[in-house]
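To keep things clear, I will list the structure first and then write my remarks on it.
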Amino acid sequence: MSEAAFSTKGLNVYLEGRKYMRKILSDVDICVQAGRTFALLGESGSGKTCIVHSVLGVHQGLPGVVSGEATVLGREILTELPQYVKITHTPQLSIKKDILGWKKAQKRAWGEMLGKDVTLIPQDASTSLSPFHPIGQMLITSIRRGNPELSKEEAQKEALKWLSRVEMYDVEKVAHCYIHELSGGMAQRAAIALALAPGPRLLIADEPTTGLDATLRISIIALLSAMVKEKGATLLLVTHDLAAARILATDVAVLYEGKVVETGYVDEVLSWDHRPKHPYTAFLLESEKKLIEGASPRLAAKEPAPQVGCPYSPRCEKATSRCLLECPGLTDVAEGHQIACFGGG
C-alpha cells in the first residue's frame, strides 16, 4: 500500500454560532492513498468541506479545530494545535484561542507546501479568487511557485498554454480579465488551471461542479479527470454529486452529521446492487435512482443529531434501542469496506 497523501485521525472540530457552539466533526478518520482519487461524499452540512478547511487552516473567521491529527504528504500539520486552541466545559462549553499563535503554527507546519505541492480548487471560484489581479498574472505566480527556475517571459507563455488546456478561447484576452469578468464556467476552468499549474502532488477539489449547467458540469468533470491523470496527482474530491464521485474517484468516504458512516471502494459503496451498505448510503442511492427514473424521491425530515447514540438514528427505519444509546464505530464488512452501523448493513 502506498503512503498516505492526506489523512486525519480523531479529528474533532467545533465552530461558534451566535448563541452556542456546535460540534461539526466527530473523531473523523480518513486516509487518502497517494496516486488515487478519494471522494468525500455527503449532503450539505455533513462536514465535508470542514475537514479540508480544518486541515488547510483556511476557515473563515476563527479556527475551530480542538483535537486530532492530520498528515499531508508525510508532514504532520496539527502537532502544535493544542496549545493554541483549547475547549473548556465549565461553566459552559466554550473555546479559547490564540489566533496569532495558531496562524504562526500553521505557517511553520505548511512551509512552502501549500500552493505548490498542495493546491485547492475552491467551491465558488468567482468569489474565492483574488479580484485585484488579472487571471494571467495569477497564473504566472502559480506557475513560478512550482517552477521557480522559469523566467517571467517563459511563465507568461506557459500561462497561455494552461488557459488553452482548460478549453478557454481567445486566451490572451482572458489572461487580461479579472475573475468577475468571467462567466461561472470560465471562472471554474480558470481555478482548475491555477490549481494544476504548479504541478501539485495533492489536488483538492471542493464541489468543482457546483452552480454549473449540465453541459459545463460534464466538461469540467472530463477536464479534471484528464488533467489529474496526465499530471499523476492525488485528487481529494469534496462533493455531494454521486455521479461525479463514480466518474472521478476510486475510493469514497460517506459523511453524515460530521461522522464517517461508510468508507471503501467506489465500485462497492456507490453500487446500486452491492450489499451491505449503511442505511444512509442506501437512502442516497435510492433517491438518486428515483430521480433518474423520473419519480419523486422519498423525503425524510432532517432531525438534529442526538447528543448520544448514532447520529442517523432519528432518520433510520432500522434503528434499535442500542442505536439510541451508543454511537457505532467503523467495522469491516468486506476487504477495504467499513460501515458504522450496529446492523452490519
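Be aware that the sequence shown starts at -2, since it is given in this note's numbering, and climbs by one per residue.
Backbone N, C-alpha and C define an ideal beta-carbon position, used for all residues, glycine too.
Starting from residue 74, trace the alpha helix (DSSP H) both ways and give me its first and last residue.
Bounds of any alpha helix (DSSP H) do not take in residue 74, whose DSSP letter is neither H nor E.
Please report the residue range of the alpha helix (DSSP H) in which residue 265 lies.
From DSSP, the alpha helix (DSSP H) with residue 265 extends over 263 to 266.
May I ask you to report which of helix, strand or coil DSSP gives residue 284?
Looking at residue 284 - three-state DSSP - the assignment turns out to be helix.
Just reading off the alpha helix (DSSP H) that residue 322 is part of, what are its end residues?
Element bounds for residue 322: 318 to 322.
On the three-state DSSP scale, how would you describe residue 47?
Residue state, collapsed to three classes: helix.
Taking the continuous beta strand (DSSP E) assigned at residue 236, which residues delimit it?
Where residue 236 is concerned, the enclosing beta strand (DSSP E) stretches over 231 to 236.
Can you give the Cα-Cα distance for residue 235 and residue 151, rounded to whole angstroms?
The straight-line gap from Cα to Cα measures roughly 33 Å.
By the DSSP assignment, the alpha helix (DSSP H) with residue 18 in it spans what residues?
No alpha helix (DSSP H) contains residue 18, which is instead part of the beta strand (DSSP E) from 18 to 30.
Under a three-way DSSP split, which group does residue -2 fall into?
Because residue -2 sits at a pLDDT of 48, beneath the cut-off of 50, its placement in the model cannot be relied upon, and the following sentence gives the value as read from the coordinates. If DSSP states are grouped into helix, strand and coil, residue -2 belongs with coil.
Could you tell me the distance, in whole angstroms, from the CA atom of residue 46 to the CA atom of residue 317?
Distance between the alpha carbons of residue 46 and residue 317: 31 Å.
For residue 6 and residue 276, the rounded distance between their alpha carbons:
Going by the C-alpha atoms only, they are around 24 Å apart.
Going by C-alpha to C-alpha distance, which of 69, 214, 164 and 121 sits closest to residue 49?
When only C-alpha atoms are compared, the closest one is 69.
Out of 244, 84, 106 and 332, point me to the one whose CA is closest to residue 218's CA.
Ranking 244, 84, 106 and 332 by Cα distance to residue 218 puts 244 first.
Starting from the C-beta of residue 323, find all residues in its chain whose C-beta is less than 7 Å away, skip the five residues before and the five after it, and write them out in chain order.
The beta carbon of residue 323 lies closer than 7 Å to those of 306 in the same chain, with the five residues before and after it left out.
Measure the alpha-carbon distance for residue 232 versus residue 199 and round it to whole angstroms.
Each residue's alpha carbon lies about 6 Å from the other.
In whole angstroms, give me the CA-to-CA distance for residue 4 and residue 180.
Rounded to the nearest whole angstrom, the C-alpha separation of residue 4 and residue 180 is 35 Å.
Could you work out which residue in 33, 18, 19 and 8 is closest to residue 27 when comparing CA atoms only?
Per the Cα distances, 8.
Quick one: what's got a C-beta closer than 7 Å to residue 364's C-beta in the same chain, skipping five residues either side?
Because residue 364 is not part of the residues shown, which for the chain are -2 to 342, the question remains open.
Who does residue 251 pair with in a DSSP beta bridge?
Residue 251 pairs with 38 and 259.
Can you tell me whether residue 54 is buried or exposed? The criterion is at least 16 other CB atoms within 10 Å of its CB, across all chains shown.
Classified as buried, residue 54 has 16 or more neighbouring CB atoms from the shown chains inside 10 Å of its CB.
Please list the terminal residues of the continuous beta strand (DSSP E) segment that includes residue 185.
That residue, residue 185, is in no beta strand (DSSP E); its alpha helix (DSSP H) goes 181 to 193.
Own chain, CB closer than 8 Å to residue 229, minus 5 neighbours either side, in chain order:
Taken in chain order, the residues that qualify are 32.
Residue 85 lies in the alpha helix (DSSP H); which residues open and close that run?
For residue 85, no alpha helix (DSSP H) run applies; the uninterrupted beta strand (DSSP E) run containing it begins and ends at 82 to 85, by DSSP.
Do residue 52 and residue 36 count as a contact pair if the criterion is CB distance below 9 Å?
With a cutoff of 9 Å on beta-carbon distance, residue 36 and residue 52 are scored as not near each other.
Reducing DSSP to helix, strand and coil, say where residue 335 ends up.
The DSSP-derived three-state label of residue 335 is strand.
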